[in-house]
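**Q**
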Amino acid sequence: MPRVPMLASLTRHKLTVLLLALQVALTCAIVCNVALMIAGRAAQMRTPSGVAEGELVMLDSASLNDGGNPLARHATDLAALRGIPGVTAVAAVDALPFNRNNWSNGIATAPDGSARLAATAFNGTPGELQALGLHLVAGRDFRPDEYIPMDSAHDWDGINHVSATIVTRALAARLFPGQDPLGKLVYPGDNPVRIVGVIDHLLRPMLETGDGNEDAMLFPMLPDDSNVTYVLRTPPSQRERVLKQAAVVLDGLDADRILRHAQTFEQLRSDYFRRDRTMLGLLLAAAAGLLLVTAVGIAGLASFWVQQRRRAIGIRRAVGATRRDILRYFQAENALIVGGGLVGGVLLALGLNLLLMRHYELPHLPLAYLPITALALWLLGQLAVLGPALRAAAVPPVVATRTD
Numbered sequence: 007m008p009r010v011p012m013l014a015s016l017t018r019h020k021l022t023v024l025l026l027a028l029q030v031a032l033t034c035a036i037v038c039n040v041a042l043m044i045a046g047r048a049a050q051m052r053t054p055s056g057v058a059e060g061e062l063v064m065l066d067s068a069s070l071n072d073g074g075n076p077l078a079r080h081a082t083d084l085a086a087l088r089g090i091p092g093v094t095a096v097a098a099v100d101a102l103p104f105n106r107n108n109w110s111n112g113i114a115t116a117p118d119g120s121a122r123l124a125a126t127a128f129n130g131t132p133g134e135l136q137a138l139g140l141h142l143v144a145g146r147d148f149r150p151d152e153y154i155p156m157d158s159a160h161d162w163d164g165i166n167h168v169s170a171t172i173v174t175r176a177l178a179a180r181l182f183p184g185q186d187p188l189g190k191l192v193y194p195g196d197n198p199v200r201i202v203g204v205i206d207h208l209l210r211p212m213l214e215t216g217d218g219n220e221d222a223m224l225f226p227m228l229p230d231d232s233n234v235t236y237v238l239r240t241p242p243s244q245r246e247r248v249l250k251q252a253a254v255v256l257d258g259l260d261a262d263r264i265l266r267h268a269q270t271f272e273q274l275r276s277d278y279f280r281r282d283r284t285m286l287g288l289l290l291a292a293a294a295g296l297l298l299v300t301a302v303g304i305a306g307l308a309s310f311w312v313q314q315r316r317r318a319i320g321i322r323r324a325v326g327a328t329r330r331d332i333l334r335y336f337q338a339e340n341a342l343i344v345g346g347g348l349v350g351g352v353l354l355a356l357g358l359n360l361l362l363m364r365h366y367e368l369p370h371l372p373l374a375y376l377p378i379t380a381l382a383l384w385l386l387g388q389l390a391v392l393g394p395a396l397r398a399a400a401v402p403p404v405v406a407t408r409t410d
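Sequential numbering from 7 applies to the sequence shown in my numbering.
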């Protein structure tokens, strides 16, 4: 392949070559980081919640009558809900994964409160583990005598009176790395609380970028507010029927209430990630559009050069160059331009990633993304130039004898 004539030809069009290489570099940098954002968000959307997602239905109950004992009302509601055919377990809870009702507090392993980790506190009635389908991997569930119906179970009064807690395996590993967490003391408030159980997984109500989305703990505190979420566990085939019947049962017990957000857990998850799905669609569209513009730019420039070089191509054909030689020439020329742009694109991708890490908490760009994106863009360039290169190869030698 005649490298020197090729380089000489490119140097005569320095600005055009530079602009195309810059376009390839920008595309490479942006596509690399967009791919990282898409992969990270898609992975988060697939994260298991830890609960029996396919078996849960729920609805929020808000009483319009502030009088009376809310704990007694909840007990009556739960007894009626357990009587619905197909219901295998039921509980009243104050938070669930993806419901955005996040009560986060600091957890320390020493009385002085130093080195606190932020964790979500989940409160619920007895049977919460069974109702949610949480998998206890070590220890035990709460005993009945450990539940404390405080006047306000959602503030520090309750935290300072509980004696036991159940934590996720992820939180236990962060609090006591390499140790058995059972029996260990933690300090969510002023007083020590003993870890009596460890569950496999439980996501927080609101997810964040990075680690810590499974930093959760359950407390034996009964929801004592007039607003509460009832969670029912039932076979997947009976969810819709059970959900409708649960609303009828609760209305029959107390018509002076508002029932909201009657849905399956799968609907709750879908609603939570609705904006994420929209964002992924926009990112994919933006990346596809950028790749399309780059491919059109490469093809357009190659077509322009073919038109300009028809006489030169005809001369080369007349002196013995084959169609394959002409095709290889244009593909090699394009590979040289795109390759130069990709070198700058890799460096630009790393720099852009550092900027995004600083301002938007984007994770570090894995090095594997760079060669994969570069190879994809290089192949895209070769495909884009293929049409103009084939037209150049089809130029007959007789063109060399024509005059304008």
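The beta-carbon is built from N, C-alpha and C at its ideal position, and this holds for glycine as well.
(1) Is F336 near V391, with beta carbons less than 8 Å apart?
(2) In angstroms, rounded to a whole number, what distance separates the CA positions of A301 and V312?
(3) What does a CB cutoff of less than 7 Å around A137 pick up in its chain, not counting 5 residues either side in sequence?
(4) Determine the closest residue to L386 out of I343, P369, R397 and L362, with distance taken between C-alpha atoms.
(5) Check the DSSP bridge columns for Y193 and list the partner residues they point to.
(6) So what's N107 in DSSP terms, helix, strand or just coil?
(7) Taking the beta carbon of I378 as the centre, do at least 16 other beta carbons fall within 10 Å, making it buried, or is it exposed?
(8) What residue does the alpha helix (DSSP H) around Q273 start on, and which one ends it?
(9) Could you tell me if G320 is buried or exposed, where buried requires 16 or more neighbouring beta carbons within 10 angstroms of its beta carbon?
(10) Return the chain-ordered ranges of every beta strand (DSSP E) run that is complete within the region 59 to 84 and spans a minimum of 3 residues.
(11) Is the region 99 to 106 in contact with the region 182 to 196, if contact means three or more CB pairs nearer than 8 Å?
(12) For the region 223 to 279, list the alpha helix (DSSP H) runs that are entirely contained and at least 4 residues long, ordered along the chain.
(13) Within 8 Å, do at least three Cβ pairs link the region 206 to 220 to the region 254 to 268?
(14) Give every residue of the same chain whose Cβ lies closer than 8 Å to the Cβ of G92, excluding the five residues on either side of it in the sequence, and list them in chain order.
(15) At what residue ranges does the region 334 to 363 contain a whole run of the beta strand (DSSP E), taking only runs of 3 or more?
(16) Taking 8 Å as the threshold, find out whether the region 339 to 358 comes into contact with the region 24 to 36 through three or more Cβ pairs.
(17) In terms of residue numbering, what span does the beta strand (DSSP E) encompassing L123 cover?
(18) May I ask which residues mark the beginning and end of the alpha helix (DSSP H) holding T33?
(19) Using 8 Å as the threshold, is the region 43 to 51 in touch with the region 278 to 290, meaning 3 or more CB pairs across them?
(20) Is A159 buried or exposed, if buried means 16 or more other CB atoms sit within 10 Å of its CB?
(21) Is it buried or exposed, H80, if we count other Cβ atoms within 10 angstroms and call 16 or more buried?
(22) Quick check: the Cα distance between T126 and A41, rounded to an integer number of angstroms?
(23) Helix, strand or coil: which one does DSSP assign to V143?
(24) Relative to the C-alpha of L188, which residue among G133, K20 and A178 is closest?
(25) To the nearest angstrom, report how far apart L298 and T284 are at their CA atoms.
(26) If you drop the 5 nearest sequence neighbours on each side, which residues of the same chain put their C-beta closer than 8 Å to that of L70?
(27) Using CA atoms only, rank isn't needed, just tell me which of Q388, L213 and R88 is closest to A338.
(28) So, with DSSP's three-state summary, where would you put I90?
(29) Within 10 Å of its beta-carbon, does P394 have 16 or more other beta-carbons around it, so buried, or fewer, so exposed?
(30) DSSP three-state label for G164, please.
(31) In terms of alpha-carbon separation, which member of I304, F225, T270 and C34 lies closest to N166?
(32) Smallest Cα separation from T33: which of I332, M363, A293 and G357?
(33) Note down, in chain order, each residue of its chain lying with its Cβ closer than 6 Å to the Cβ of L274, except the 5 sequence neighbours on either side.
(34) Should T174 be labelled buried (16 or more other beta-carbon atoms within 10 Å of its own) or exposed?
(35) For A124, collect the residues of the same chain with a Cβ closer than 8 Å to its Cβ; drop the 5 residues on either side in sequence, then sort them by chain order.
**A** In this structure, then:
(1) In the sequence shown, the residue the question calls residue 336 occupies position 330. In the sequence shown, the residue the question calls residue 391 occupies position 385. Yes, the Cβ-Cβ distance between F336 and V391 is below 8 Å.
(2) In the sequence shown, the residue the question calls residue 301 occupies position 295. In the sequence shown, the residue the question calls residue 312 occupies position 306. In a straight line, the C-alpha of A301 is about 16 Å away from that of V312.
(3) For this step, residue 137 is matched to residue 131 along the sequence shown. The residues are A95, V96, A97, V237 and R239.
(4) Residue 386 sits at position 380 when you count from the first residue of the sequence shown. Nearest C-alpha to L386: I343.
(5) Position 187 of the sequence shown, counting from 1, holds the residue named residue 193. Per DSSP, A114.
(6) Taking the first residue of the sequence shown as position 1, residue 107 is located at position 101. Of the three classes helix, strand and coil, the one that applies to N107 here is coil, per DSSP.
(7) If you number the sequence shown from 1, residue 378 lands on position 372. So I378 ends up on the exposed side.
(8) Numbered from 1 along the sequence shown, position 267 holds the residue referred to as residue 273. First-last of the alpha helix (DSSP H) with Q273: F271 to Y278.
(9) One-based indexing of the sequence shown puts residue 320 at position 314. G320 comes out buried.
(10) 62 to 69
(11) no
(12) 245 to 259 and 271 to 278
(13) no
(14) Taking the first residue of the sequence shown as position 1, residue 92 is located at position 86. The residues are T240, P241, Q244, R247 and V248.
(15) For the region 334 to 363, not a single whole beta strand (DSSP E) run of length 3 or above is found.
(16) Yes, the region 339 to 358 touches the region 24 to 36.
(17) Residue mapping note: residue 123 aligns to position 117 of the sequence shown, counting from 1. Here the beta strand (DSSP E) through L123 covers L123 to N129.
(18) Position 27 of the sequence shown, counted from the start, is the residue given in the question as residue 33. Segment K20 to M51, the alpha helix (DSSP H) holding T33.
(19) yes
(20) Numbered from its first residue, the sequence shown carries residue 159 at position 153. Because A159 sits at a pLDDT of 49, beneath the cut-off of 50, its placement in the model cannot be relied upon, and the following sentence gives the value as read from the coordinates. So A159 ends up on the buried side.
(21) To locate residue 80, count along the sequence shown from 1; it is residue 74. H80 is buried by the Cβ-count criterion.
(22) Here residue 126 refers to the residue found at position 120 of the sequence shown. Here residue 41 refers to the residue found at position 35 of the sequence shown. Computed Cα separation, rounded: 31 Å.
(23) Counted from its first residue, the sequence shown places residue 143 at position 137. Looking at V143 - three-state DSSP - the assignment turns out to be strand.
(24) Here residue 188 is taken as the residue at index 182 of the sequence shown, counted from 1. Cα-wise, what sits closest to L188 is A178.
(25) Within the sequence shown, numbered from 1, the residue matching residue 298 stands at position 292. Within the sequence shown, numbered from 1, the residue matching residue 284 stands at position 278. L298 and T284: Cα-Cα distance of roughly 21 Å.
(26) By 1-based counting over the sequence shown, the position of residue 70 is 64. If we look at L70 and ignore the five residues flanking it on each side, its Cβ neighbours are D262, R263 and I264.
(27) Residue 338 sits at position 332 when you count from the first residue of the sequence shown. With distances taken between Cα atoms, A338 lies closest to Q388.
(28) On the sequence shown, residue 90 is found 84 positions in, with the first residue counted as 1. Three-state DSSP puts I90 in coil, outside helix and strand.
(29) Taking the first residue of the sequence shown as position 1, residue 394 is located at position 388. With 16 or more Cβ atoms within 10 Å of its Cβ, P394 is classed as buried.
(30) Position 158 of the sequence shown holds residue 164. In the structure shown, G164 sits in a helix (DSSP, three-state: H, G or I).
(31) The sequence position of residue 166 within the sequence shown is 160, counting from 1. Out of I304, F225, T270 and C34, F225 has the C-alpha closest to the C-alpha of N166.
(32) The residue given as residue 33 occupies position 27 in the sequence shown. With distances taken between Cα atoms, T33 lies closest to A293.
(33) In the sequence shown, counting from the first residue as 1, residue 274 sits at position 268. Same-chain partners within the cutoff: F104.
(34) Numbered from its first residue, the sequence shown carries residue 174 at position 168. Buried, since its Cβ has 16 or more Cβ neighbours within 10 Å.
(35) As a position in the sequence shown, residue 124 is number 118, starting the count at 1. The beta carbon of A124 lies closer than 8 Å to those of S110, N111, G112, I113, G218 and D221 in the same chain, with the five residues before and after it left out.
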